[in-house]
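Enquirer:
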Amino acid sequence: MQDSSFISILDVSKHFGAIAAVDSVDLEINRGEFFALLGPSGCGKTTLLRMLAGFEVPSQGKIIIDGEQMSSVPPYRRPVNMVFQNYAIFPHLNVFQNIAFGLRKDRLSADDLKARVNDALSLIKMESYGERKPDELSGGQRQRVALARALIKNPKVLLLDEPLGALDKNLREQMQLELRQLQKAVGVTFVFVTHDQEEALTMSDRIAVMCAGRVLEVGSPSDLYERPKTRFVADFLGTMNVFDGSIHARDGDSYIVDTQGLGRIHAGVASRDFSIGDKISVALRPENLKIVDSLSSVAVDGSVSGVMSNTAYFGDSAQVYVQLEGSEQALVVSIQNQDGAASNVGLGNRAITIGWSKSSVLLLKGA
Amino acid sequence: MSRALLKSGSGWLRGYTVGYLVFIYLPILLLPVFSFNDGIYVAFPMSGFTLQWWAEMVAQPGMHKALWNSLAVAVPVSLISTTLGMMGAKALTTYRLHGARVLTGMFTLPLVTPFLILGIALLITFNNYGLDLSLFTVGVGHVLICVPFSLFVLLSRLESFDRSLEEVALDLGENPWMMFWRVTFPITMPGIVASLLLTFTISFDEFLLAFFLTGDASTLPIFIWSQLRFPAKLPSVLALGSAILIVTVFIVIIAELLRRRGSTRPKGQAI
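Heads up: the sequence lines are chains A and B, in that order. Going by this note's numbering, the letters in the first sequence line up with residues 137 to 503, in that order. Going by this note's numbering, the letters in the second sequence line up with residues 529 to 799, in that order.
Below is the structure:
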């Protein structure tokens, strides 16, 4: 995050026939950043990554990496390396030969080559695995070999295509941390593609959320999670209760909003300028909702009553589904399991009141 | 495996299987058996053991020449058609070509055209262009029929080939030429060897095209055919046939061993 725009993606589009896989994307990525391209499958994130690697040529627009125009540079002359989704370890070479593959042109002496590869092996904590064949490696080890094979080239940018997608859950969580630490250690700019919002939130400095070939929003994980600007991003990152609504009036630094489901409510500090009558979406995070009952005396700015229809217990928390009066929609409320709070909620079919503070109500443009 | 098959099968199926194996292998086994028979007639009872026919076969100068001619055709033919087949298979599997299915169909046409017709057509063509018949024209004909075989062997190998391995090579700084030699070639090696051996065998014992297109220099099949006109030469032809049979079996075993080694290559390979 020192000097800005280490990578500039300027008005880049990629058409396959009549379909625009990537549609007029503008992005600036900083040096040393851990940058995520997040989106559902088919949103164009992998195509964008492949254009950075040079495997796809943009139909339109420019890609500049460290001041160099990349459009006509073939993949083998770009200062970037890529970790493929399936890792693509060469089956005919052992681990040592796989990692050394990209060093042929450096014409190192046998000793230097050995030293470089051994350094890379110790970076991924696989010092004793040099002689192993790829089919003797676990998924996590293959992933690390792919990483070492790319990083040994000292790329300016490392591209990762769903780097953890092929791993099981526990290993994935461990590798998220390892990748993050590795990136900090080597200081290389990482651009990675994922459809897993949790992964993107955990690992990245900044995230670009993509949908249908376009970048909808760019920002830090907390920006996007806490202050999304579009309904898609609000919905895609984490769980969100979203209601259609319209602006009824402005009241100091808050709005009064009519919603379908929650009735007329107040929404906190206006970060956007809406006009009276604008169609909007009203969004509330499950963790910002509280159960209001006679025992507790939490102050809330708004509340709604409903019938508790279902509970999902997660251990550290529980989600309560509340069927709202006069609405088809269910409200999801998250309860932290502090001192057994989540297990004391009880099960279904009792009347319940849910409250919130007006500063946690998000207003999003468009219905 | 065949034992398990025989055990599990009903009586009828067992009889069919045995009959089928006998039908395939008995005539072939008669070849070496009678090549050691002390007599010029191929009929039971056999009259005694002799190495005379093998000695006669080895001593025949015409045979040496024909064998040499056949090798001089088959070796380049297998190399050229495997190269062309590789290029075709690579193009068909790498790019989303327009009309790829039509193209594949066109490539197979030489296979289903009767060789007799193909031979006449080539003969007319060469005559029209004033090309003298020689081993070269035989080779051209053989390449024509060998490329489809090579193409199909390599297509099946390349279709299961993970394209991202090639992309990794490009990503790691190798241009497409080096990418081919460091990644595509070693990984498709078993298919390439299979193609080389297959096209070599096809060219080596092809008769019809060679019959039309050869000039003065005859290949081994043409030589054998010419020898059959003399009844006294028959036993030494049997010896020659046996020798070819043994070499062929040997080649197939080597190919199979190579194929197995290809999937579990030992360590210490140069990078």
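Where a beta carbon is used, it is the ideal one built from N, C-alpha and C, also for glycine.
Look up A:Met-218 in the DSSP assignment and say whether it is helix, strand or coil.
Expert: Locating residue 218 of chain A in the first sequence gives position 82, counting from the first residue. If DSSP states are grouped into helix, strand and coil, A:Met-218 belongs with the strands.
Enquirer: By DSSP, does A:Met-137 sit in helix, in strand, or in coil?
Expert: The count along the first sequence starts at 1 and reaches residue 137 of chain A at position 1. A caution first: A:Met-137 carries a pLDDT of 41, below 50, which makes its placement in the model too unreliable to give a value.
Enquirer: Sort out for me which residues DSSP pairs A:Ser-149 with in a bridge.
Expert: In the first sequence, residue 149 of chain A corresponds to position 13, counting from 1. Paired residue(s): A:Gln-196.
Enquirer: Taking 8 Å as the threshold (beta carbon to beta carbon), is A:Met-218 in contact with chain B?
Expert: For this step, residue 218 of chain A is matched to residue 82 along the first sequence. Interface residue, yes.
Enquirer: Do you know whose CA, among A:Phe-232, A:Ala-302, A:Asp-255, lies nearest A:Arg-268's CA?
Expert: Locating residue 268 of chain A in the first sequence gives position 132, counting from the first residue. The candidate whose alpha carbon is nearest that of A:Arg-268 is A:Phe-232.
Enquirer: By the three-class DSSP mapping on this structure, what secondary structure does A:Arg-213 have?
Expert: Translated into the one-based positions of the first sequence, residue 213 of chain A becomes position 77. Reduced to three states, the DSSP call for A:Arg-213 is helix.
Enquirer: Using a 10 Å radius around the Cβ and a threshold of 16 neighbouring Cβ atoms, would you call A:Arg-278 buried or exposed?
Expert: The sequence position of residue 278 of chain A within the first sequence is 142, counting from 1. Residue environment for A:Arg-278: buried (at least 16 other C-beta atoms within 10 angstroms of its C-beta).
Enquirer: Got a sec: is the Cβ-Cβ distance from A:His-151 to anything in chain B below 8 Å?
Expert: Position 15 of the first sequence, counting from 1, holds the residue named residue 151 of chain A. Output row for A:His-151: interface = no.
Enquirer: Identify whether A:Leu-467 lies in helix, strand or coil by the three-state DSSP scheme.
Expert: Locating residue 467 of chain A in the first sequence gives position 331, where the first residue counts as 1. In this structure, A:Leu-467 counts as strand in the three-state DSSP scheme.
Enquirer: Measure the beta-carbon distance from B:Ala-867 to B:Val-681 and round it to whole angstroms, keeping in mind my assumption that it falls under 8 Å.
Expert: Absent from the structure is residue 867 of chain B, since the part of chain B shown begins at 529 and ends at 799.
Enquirer: Do A:Ala-157 and A:Gly-349 have their C-beta atoms within less than 8 Å of each other?
Expert: Here residue 157 of chain A refers to the residue found at position 21 when the first sequence is read from its first residue. Here residue 349 of chain A refers to the residue found at position 213 when the first sequence is read from its first residue. Taking 8 Å as the Cβ cut-off, A:Ala-157 and A:Gly-349 qualify as a contacting pair.
Enquirer: Do A:Leu-257 and A:Ile-235 have their CB atoms nearer than 8 Å?
Expert: Locating residue 257 of chain A in the first sequence gives position 121, where the first residue counts as 1. Locating residue 235 of chain A in the first sequence gives position 99, where the first residue counts as 1. The answer is yes: Cβ separation under 8 Å.
Enquirer: Assuming the contact rule is C-beta atoms closer than 8 Å, A:His-402 and A:Lys-289 should be a hit. Round their C-beta distance to whole Å, please.
Expert: Locating residue 402 of chain A in the first sequence gives position 266, counting from the first residue. Locating residue 289 of chain A in the first sequence gives position 153, counting from the first residue. So it is not a contact: roughly 56 Å between Cβ atoms.
Enquirer: By the criterion of Cβ-Cβ separation under 7 Å, what are the contact partners of A:Lys-241 in chain B?
Expert: Translated into positions along the first sequence, residue 241 of chain A becomes position 105. Chain B residues near A:Lys-241: Gly-701.
Enquirer: For A:Asp-255, does the count of other Cβ atoms within 10 angstroms reach 16, so buried, or fall short, so exposed?
Expert: What you label residue 255 of chain A is simply residue 119 of the first sequence in a count that begins at 1. Exposed, since its Cβ has fewer than 16 Cβ neighbours within 10 Å.
Enquirer: Look at the Cβ atom of A:Val-471, then the Cβ atom of A:Ser-453, and state whether they are nearer than 8 Å.
Expert: For the purposes of this step, residue 471 of chain A is identified with residue 335 of the first sequence, where counting begins at 1. For the purposes of this step, residue 453 of chain A is identified with residue 317 of the first sequence, where counting begins at 1. A small correction: the amino acid at residue 471 of chain A is Ile; Val does not occupy that position in the sequence shown. Yes, the pair counts as a contact, with Cβ atoms nearer than the cut-off.
Enquirer: Restricting to Cα atoms, I'd like to know which of B:Gln-755, B:Ala-745, B:Ser-754 is closest to B:Leu-599.
Expert: Sequence index remark: in the second sequence, residue 599 of chain B carries index 71 (1-based). Here the closest residue by C-alpha is B:Ala-745.
Enquirer: Does A:Met-230 pass the burial test, meaning 16 or more other C-beta atoms within 10 Å, or should it be called exposed?
Expert: As a first step, residue 230 of chain A is located in the first sequence; it is residue number 94 there, counting from the start. As written in the sequence, residue 230 of chain A is Asn, which differs from the Met given in the question. By the 10 Å Cβ count, A:Asn-230 comes out buried.
Enquirer: Measuring alpha carbon to alpha carbon, tell me which of B:Asp-699, B:Ile-645, B:Trp-705, B:Arg-757 ends up nearest B:Met-615.
Expert: On the second sequence, residue 615 of chain B is found 87 positions in, with the first residue counted as 1. B:Met-615 has its Cα closest to that of B:Trp-705, out of B:Asp-699, B:Ile-645, B:Trp-705, B:Arg-757.
Enquirer: Between the alpha carbons of B:Leu-737 and B:Tyr-657, how many angstroms are there, rounded?
Expert: Here residue 737 of chain B corresponds to residue number 209 of the second sequence, with the count starting at 1. Here residue 657 of chain B corresponds to residue number 129 of the second sequence, with the count starting at 1. So the alpha carbons of these two residues sit roughly 18 Å apart.
Enquirer: Go to A:Val-293, then tell me how far its beta strand (DSSP E) extends in each direction, as first and last residue.
Expert: Here residue 293 of chain A refers to the residue found at position 157 of the first sequence. If you look at A:Val-293, you'll find it in the beta strand (DSSP E) that goes 293-297.
Enquirer: Could you check the C-alpha separation between A:Gln-138 and B:Ser-684 for me, to the nearest Å?
Expert: Stepping through the first sequence from its first residue, residue 138 of chain A is reached at position 2. Stepping through the second sequence from its first residue, residue 684 of chain B is reached at position 156. In this prediction, A:Gln-138 has a pLDDT of 44, which is less than 50 and means its spatial position is unreliable; nothing more can be read from the coordinates.
Enquirer: Go through its chain and collect everything with a Cβ distance to A:Thr-338's Cβ below 6 Å, but skip five positions before and after it.
Expert: Looking up residue 338 of chain A in the first sequence gives position 202. A distance below 6 Å between beta-carbons, with the five flanking residues on each side excluded, links A:Thr-338 to the following residues of its chain, in chain order: Gln-312.
Enquirer: Considering Cα atoms alone, identify which of B:Gly-613, B:Leu-595, B:Thr-742 is closest to B:Phe-677.
Expert: For the purposes of this step, residue 677 of chain B is taken as the residue at position 149 of the second sequence. Looking at the Cα atoms, B:Gly-613 is the closest of the given residues.
Enquirer: Can you check whether the C-beta of B:Lys-695 is within less than 8 Å of a C-beta belonging to chain A?
Expert: Sequence index remark: in the second sequence, residue 695 of chain B carries index 167 (1-based). Note that residue 695 of chain B is Glu in the sequence shown here, rather than Lys. So, interface residue.
Enquirer: Taking the alpha-carbon positions, what's the A:Val-428 to A:Tyr-361 distance?
Expert: Residue 428 of chain A sits at position 292 when you count from the first residue of the first sequence. Residue 361 of chain A sits at position 225 when you count from the first residue of the first sequence. Cα to Cα, A:Val-428 sits roughly 25 Å from A:Tyr-361.
Enquirer: For the beta strand (DSSP E) containing A:Ile-490, list its first residue and its last residue.
Expert: Position 354 of the first sequence, counted from the start, is the residue given in the question as residue 490 of chain A. It spans 487-492 - the beta strand (DSSP E) in which A:Ile-490 sits, taken as one unbroken run.
Enquirer: Going along chain A in order, which residues have a C-beta closer than 9 Å to the C-beta of B:Asp-690?
Expert: Within the second sequence, the letter at position 162 stands for residue 690 of chain B. Within 9 Å Cβ-Cβ: Asn-222, Ala-224, Pro-227.
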